[in-house]
Amino acid sequence: MKLLTVVRSCVVTIILLITAGGSLFAAEITRIEIIGNNAGVNLDRIVSRAPGSFSERDIRAVGTAITASYHALGYTTSRVDRLVLRRDGTLQVYILESHIRDITVSGVSGGKADKIRAFLAGFINQVYNRPMVLERAEALKREFNLNRVLISPRNYRNSPDVLISVEVQESTVGNVYGGIGIEPIYGIVPSLGYYYPFTGTALDLHGEAGYREGRFRKVKGDITFFIFSDDNSCALYFSGGGSRHIETWEYQDYTYTVLSWSSAIGIRAVYRALIFDISLREIVSGITDYYIEEYDDYDTRITASIVYADNTDLMDRYNTTRISASVSGGKSTMEDSGYSIADLDIRVPFSPAVWFRIIPRAHVRYTTSHKRFFWSYVYDAHLLGFFDDYTASRFKNIAGIDFEFELFPELLYTGPFINSGYFENELQEWDMQTGTGLKIRLKYKKLHIQSYYAWDISKNPSKGGLYIFAESRF
Amino acid sequence: MKKCINPIRFLLCFPALLLLLLQIQGHTEQSLFSRVIDANKGIRTIDCDISQFIFHNDTVEKFSGRYRVNEKGFFRIDYEHPSRQIVLKNQNGLSWYFPQEKLLYIIQEKGPHPVQPGINPLKDILNTPDPRFAMHYTGTHMYGFFTSSHHFAAKDPAKGLVFTIISDAETLTVLEKAITDLSGKEIIREIYSNYRKNGSRYFPGRVDVLARTTRGITRNTTFYRNVHLNRNHPDSIFFIEIPLNTTKKYIDVQ
């Protein structure tokens, strides 16, 4: 260790130039004075070490601890610049806080680069804090429809301050998403969507079909246009679409066809993990072979829903809890005295071990309508293990539990599952059925496949069947 | 004769008893966390095989090899997969050597804390009198179905961060460490699992680290096998002779 004595403004200071492997040194330090802590990092515990006898190593530890405190809180470019031990026993710790002095944007055209720079301008002259910059980068990605944002701090003109270099990659074609499933009601069900965000607005196109036993049992498509509020927390949307369904009435043993056109206006708001939605929808349906040969139905429906999903909080998205509830009320030609429908979906996964996940789930649907037209199938994707049974229900309660064991981290999981339904059947008698089976979940690149082999628990497993649900986003 | 409790005496005694209990509780909290720290100390050296999987943006990279670390913080990783590579940290710094390519990256660390794999989850707490780690006991809960665990937390309202540590109530080994913001958004989560007893020490067979980075969420899963603790390594293993015709490249790490 080298000791230099410097006389400066009548104050004698000893500047400790600490080098590794120095000789032993001890000093009585009366207090520790922090100079330059403008970021507000709490250093009280370190300061409270004084008074006391400090070796060279102890003094060095003070500097290291303060720098570590800064780094741990994300101020990764700030550090202790020097330690000065004054004759009166005060240890002065000079902190060099590293400020953001400029931002450069690359990867986009000039106009958009300026907008991105403006979006980040709040950081200029702030002390560089990595988590805060990263959080803003996520917002940047959403706001400007970017595929990738890479933010790197660099030295600003050879000073301790930083220049933030922002490299972005634009998503020029929007997002295409889609999937394909095999399920017992509609057969092979491919779906495809396209989401394109403009500045302040977005367009979502979505279509899906269901093909089974040589014909399309379901074809539907819709378009939704969103107008976002300035902070993106709220959206007004307009949607319209058409669909053609062939539905089976199990008890009556016949099928009827529904051709519908709908239009809606709604408001959607997001608050933390909650999504609120309220919409007014007008549905015009032409129904064929339902009691009478041709039947036209005009339905006006208001729906309110709330969804809780903590997927933005958790890093492991498969542990996301999702609870959604909705209530609809309306009046139609078929139900001219009015009707209401309530839905509840719950999925609450938890991991007792890093290689093991348990996923309890529940689904409830109830309608006041006694018309089959308003009922929903019992043996759909919520209650697995039953095939070629189109029983519909006015009131159904389904609960299940899936177990997932990790075969390979992030890639392959498998385990048993069981699900039970307690429901009013088409004769409006209460019935209970239970299915069980084995589940395999595969995640490969952007493809996510869930496959179930399931059967009615009261029957032989060989009577079971396969469900496949695959989805991807590009 | 039936004894009656004097209500005035009860009213006087009850706050005193409550005060006493609170003091005991405060003392217990501190000593409990000290015990957790003590339980995670004492590993001087590690010699083991590692397999690392790094998941990021729908891609996975696998690395495997032998990992050795000593109490000075020197370490050496001899990777065999995906290719032969040697990562060395010694008093001269951090370097990454590719023998087949005759390429040596010398990593110049500007920060005081070099990039350093370690296995003591509480290393930062042991080395740094960091005010963040004034951990408060928040309760004992079940971790999974069969493990009772102590939970500790520290809040930094100024920076909007919450630090949590979950330790096994019996062995006091660390099961999880996490940093979240005040709304509960995870920033870093470390999961230590598959603990096995190695001599008198427990050592995890697996460590998962999930972190939010500029490029999205990354997950690093490391499996530790053939673990030998506190075996004496000669310092010479943390130094290697590099052939003269090796190309040297320098990388700055902040």
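Chains as they are written, first to last, in the working numbering: chain A, -6 to 467; chain B, 1494 to 1747. Ideal Cβ positions, reconstructed from N, Cα and C, are used throughout, including at glycine. Since the model is a prediction, treat every value here as computed from it, not as a measurement.
Within 8 Å, strictly: CB atoms of residue i and residue j
{"i": "glycine 322 (chain A)", "j": "isoleucine 280 (chain A)", "result": "no"}
{"i": "proline 124 (chain A)", "j": "threonine 70 (chain A)", "result": "no"}
{"i": "isoleucine 1547 (chain B)", "j": "asparagine 1719 (chain B)", "result": "no"}
{"i": "glutamate 399 (chain A)", "j": "tryptophan 448 (chain A)", "result": "no"}
{"i": "arginine 444 (chain A)", "j": "glycine 171 (chain A)", "result": "The question names arginine, yet the displayed sequence has serine at residue 444 (chain A). No, the Cβ-Cβ distance between serine 444 (chain A) and glycine 171 (chain A) is not below 8 Å."}
{"i": "arginine 1689 (chain B)", "j": "glutamate 1669 (chain B)", "result": "no"}
{"i": "asparagine 1738 (chain B)", "j": "lysine 1534 (chain B)", "result": "no"}
{"i": "serine 325 (chain A)", "j": "aspartate 292 (chain A)", "result": "yes"}
{"i": "proline 345 (chain A)", "j": "threonine 314 (chain A)", "result": "no"}
{"i": "histidine 1634 (chain B)", "j": "alanine 1647 (chain B)", "result": "no"}
{"i": "lysine 1699 (chain B)", "j": "threonine 1673 (chain B)", "result": "The residue you asked about is not lysine; residue 1699 (chain B) is arginine in the sequence shown. Not a contact, by the Cβ cut-off of 8 Å."}
{"i": "isoleucine 28 (chain A)", "j": "alanine 43 (chain A)", "result": "no"}
{"i": "phenylalanine 137 (chain A)", "j": "isoleucine 109 (chain A)", "result": "yes"}
{"i": "threonine 1666 (chain B)", "j": "tyrosine 1695 (chain B)", "result": "yes"}
{"i": "aspartate 329 (chain A)", "j": "glutamate 176 (chain A)", "result": "no"}
{"i": "serine 226 (chain A)", "j": "tyrosine 264 (chain A)", "result": "yes"}
{"i": "alanine 65 (chain A)", "j": "phenylalanine 47 (chain A)", "result": "no"}
{"i": "valine 86 (chain A)", "j": "valine 126 (chain A)", "result": "no"}
Distance between beta carbons of residue j and residue i, contact taken as under 8 Å
{"i": "glycine 203 (chain A)", "j": "valine 182 (chain A)", "result": "5 Å"}
{"i": "valine 1562 (chain B)", "j": "phenylalanine 1568 (chain B)", "result": "4 Å"}
{"i": "threonine 241 (chain A)", "j": "tyrosine 383 (chain A)", "result": "4 Å"}
{"i": "tyrosine 359 (chain A)", "j": "alanine 335 (chain A)", "result": "5 Å"}
{"i": "glycine 378 (chain A)", "j": "glycine 428 (chain A)", "result": "2 Å"}
{"i": "valine 320 (chain A)", "j": "alanine 355 (chain A)", "result": "With a Cβ gap of about 17 Å, valine 320 (chain A) and alanine 355 (chain A) do not count as contacting."}
{"i": "isoleucine 52 (chain A)", "j": "leucine 76 (chain A)", "result": "6 Å"}
{"i": "tyrosine 188 (chain A)", "j": "alanine 195 (chain A)", "result": "7 Å"}
{"i": "aspartate 1542 (chain B)", "j": "histidine 1726 (chain B)", "result": "Not quite, the Cβ-Cβ distance comes to about 15 Å (not below 8 Å), so this is no contact."}
{"i": "phenylalanine 231 (chain A)", "j": "isoleucine 258 (chain A)", "result": "6 Å"}
{"i": "tyrosine 1590 (chain B)", "j": "isoleucine 1733 (chain B)", "result": "7 Å"}
{"i": "alanine 1662 (chain B)", "j": "serine 1693 (chain B)", "result": "Actually they are not in contact, since the Cβ atoms of alanine 1662 (chain B) and serine 1693 (chain B) sit about 19 Å apart, beyond 8 Å."}
{"i": "tyrosine 149 (chain A)", "j": "aspartate 95 (chain A)", "result": "6 Å"}
{"i": "isoleucine 394 (chain A)", "j": "phenylalanine 416 (chain A)", "result": "Between phenylalanine 416 (chain A) and isoleucine 394 (chain A) the Cβ distance is about 18 Å, and since that is not below 8 Å, they are no contact."}
{"i": "aspartate 303 (chain A)", "j": "alanine 266 (chain A)", "result": "5 Å"}
{"i": "glutamate 206 (chain A)", "j": "alanine 385 (chain A)", "result": "In fact, because the Cβ distance is near 18 Å, the residues do not count as touching under 8 Å."}
Within chain B, the residues that residue i reaches when beta carbons sit closer than 7 Å
{"i": "lysine 439 (chain A)", "result": "Asp1551"}
{"i": "proline 44 (chain A)", "result": "In chain order: nothing, as chain B lies at least about 16 Å away."}
Contact set between residue i and chain A, taken where Cβ atoms lie within less than 8 Å
{"i": "alanine 1627 (chain B)", "result": "Arg38"}
{"i": "aspartate 1449 (chain B)", "result": "The shown model of chain B, from 1494 to 1747, leaves out residue 1449 (chain B), and the question about it has no answer."}
Neighbouring residues, chain B, relative to residue i (Cβ below 8 Å)
{"i": "leucine 307 (chain A)", "result": "Glu1679"}
Closer than 9 Å at the beta carbon, the chain B residues around residue i
{"i": "glutamate 403 (chain A)", "result": "Phe1546, Phe1548, Val1553, Arg1712, Thr1714"}
{"i": "valine 98 (chain A)", "result": "Within chain B, no residue comes near valine 98 (chain A); the closest Cβ sits about 14 Å away, beyond 9 Å."}
Residue i: CB within 7 Å of a non-hydrogen atom of the ligand ADP
{"i": "isoleucine 22 (chain A)", "result": "The model depicted lacks the ligand ADP and carries no ligand whatsoever."}
Chain A residues whose Cβ lies nearer than 7 Å to that of residue i
{"i": "glycine 1637 (chain B)", "result": "Pro345, Ala346"}
- Please list the residues of the stretch 1673 to 1690 of chain B that have a C-beta atom closer than 7 Å to any C-beta atom in chain A, keeping them in chain order. Within the stretch 1673 to 1690 of chain B, the residues whose Cβ lies closer than 7 Å to some Cβ of chain A are Ser1676, Gly1677, Lys1678, Glu1679, Ile1680, Arg1682, Ile1684, Ser1686, listed in chain order.
- Near-chain A residues of the stretch 1714 to 1727 of chain B - C-beta to any C-beta below 7 Å: So the list reads Thr1714, given in the order they occur along the chain.
- Using a beta-carbon distance cut-off of less than 8 Å, what residues from the stretch 1536 to 1565 of chain B approach chain A? For chain A, the residues of the stretch 1536 to 1565 of chain B that bring a beta carbon within less than 8 Å of one of its beta carbons are Phe1546, Phe1548, Asp1551, Thr1552, Val1553, in chain order.
- Query: What residues in the stretch 1690 to 1704 of chain B have a beta carbon less than 9 Å from any beta carbon of chain A?
  - Reply: Residues of the stretch 1690 to 1704 of chain B with a Cβ closer than 9 Å to any Cβ of chain A, in chain order: Arg1699, Asp1701, Leu1703, Ala1704.
- Task: Check whether the stretch 58 to 72 of chain A touches the stretch 85 to 99 of chain A, counting contact only when three or more Cβ pairs, one atom from each stretch, lie closer than 8 Å.
- Result: Contact between the stretch 58 to 72 of chain A and the stretch 85 to 99 of chain A is present: three or more C-beta pairs spanning the two stretches fall below 8 Å.
- Query: What are the residues of the stretch 1572 to 1586 of chain B that lie near chain A, defined by any Cβ-Cβ distance shorter than 9 Å?
  - Reply: Answer set for the stretch 1572 to 1586 of chain B: Gln1584.
- Item | Proximal residues, the stretch 257 to 274 of chain A versus chain B, C-beta separation under 9 Å | For the stretch 257 to 274 of chain A, the beta-carbon criterion of a distance under 9 Å to any beta-carbon of chain B is satisfied by Arg265, Ala266.
- Message: I'd like to know if the stretch 1652 to 1659 of chain B and the stretch 1674 to 1692 of chain B are in contact, where contact means that at least 3 CB-CB pairs between them fall below 8 Å.
- Response: A contact exists between the stretch 1652 to 1659 of chain B and the stretch 1674 to 1692 of chain B.
- Message: Taking 8 Å as the cut-off, does the stretch 367 to 375 of chain A touch the stretch 250 to 261 of chain A (at least 3 CB pairs, one atom from each stretch)?
- Response: The stretch 250 to 261 of chain A and the stretch 367 to 375 of chain A do not touch, with fewer than 3 CB-CB distances between them shorter than 8 Å.
- Relative to chain B, which residues along the stretch 117 to 141 of chain A have a C-beta separation below 7 Å, given in chain order? Residues Pro124, Leu127, Ala130.
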